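Residue 50 in full-length UniProt numbering sits at position 50 of the sequence shown, with consecutive numbering throughout.
By construction, the Cβ of each residue, glycine as well, lies at the ideal position given by its N, Cα and C atoms.
Since the model is a prediction, treat every value here as computed from it, not as a measurement.
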Amino acid sequence: MSILNFASNKFFDDDDYALSAVAKARLAYDNVNPNLFPLNVDLIEAPTMYVVIADVPGVSKDRITVSVKDDKILIEGKRKKKVISNEDSYLIEERRNGPFKKMLQMPLDADTQKMTAKMEDGLLVLTVPRVSSIEGAKTINIA
């Protein structure tokens with residue numbers, strides 16, 4: 001973890017710093033594991049939905065699992081190494097291979113149970129509808 005990431009994470013950990021639900025979701029967290037490579041994602045807020053776009057070039061959809069628990073989305077999978085021949089050796093190897101994992105904390109108005117997923121051009125696109133009111137929320141009358 002870079003110094004800048006560490007400093008920004010510590011800043012946002014401060015309880016006095018008020019973040020909107022979307023801002024908190026943008027601070028999606030990874031499981032810290034050196035064996036996993038980072039999965040780059042964008043979280044887009046639209047009036048009726050949230051869209052999560054994850055870079056997964058070279059990964060087929062049968063190697064990706066998307067699971068949901070409450071307001072958390074877990075994306076995990078594995079990118080296989082392309083082997084040309086057992087006699088060849090790499091001169092440059094920059095592309096990461098192996099397992100990846102990303103967990104996103106979604107805003108409270110995200111209806112993760114109605115989420116849809118599709119693959120297009122090396123991108124995993126998750127569409128999560130927004131609900132107009134949060135289930136189980138209670139309105140408090142002000143005296």
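Quiz item: Counting Cβ pairs, one atom from each stretch, are 3 or more of them under 8 Å apart for the stretch 99-111 and the stretch 63-75?
Solution: yes
Quiz item: To which residues of the same chain is K114 closer than 8 Å at the C-beta, ignoring the five residues directly before and after it?
Solution: V128, P129
Quiz item: Hey, out of V59, T139, I44, N141, whose CA is closest to G98's CA?
Solution: V59
Exercise. Answer yes if the stretch 45-58 comes into contact with the stretch 108-124, meaning at least three C-beta pairs across the two stretches below 8 Å, and no otherwise.
Key: yes
Exercise. With a cut-off of 8 Å on the beta carbons, I'd call V56 and L124 a contact; round off their distance for me.
Key: 5 Å
Exercise. Give the DSSP-derived three-state secondary structure of R96 in the structure shown.
Key: coil
Quiz item: Does the beta carbon of T127 come closer than 9 Å to any beta carbon on chain C?
Solution: Of the protein chains in the structure, only one exists, and it is not chain C.
Practice problem: Starting from V66, follow its DSSP beta bridges and name the residues at the other end. | Solution: I75
Exercise. Along the beta strand (DSSP E) that carries I44, what are the first and last residues, could you check?
Key: 41-45
Self-check item: Given P70 as reference, the closest of V131, S132, D111, K138 once Cα atoms are compared
Solution: It is worth fixing the name first, because residue 70 is Asp in this sequence and not Pro. The option with the nearest alpha carbon to D70 is D111.
Quiz item: Looking at the unbroken beta strand (DSSP E) that takes in I53, where does it start and where does it end?
Solution: 49-55
Self-check item: Own chain, CB closer than 6 Å to D42, minus 5 neighbours either side, in chain order
Solution: I53
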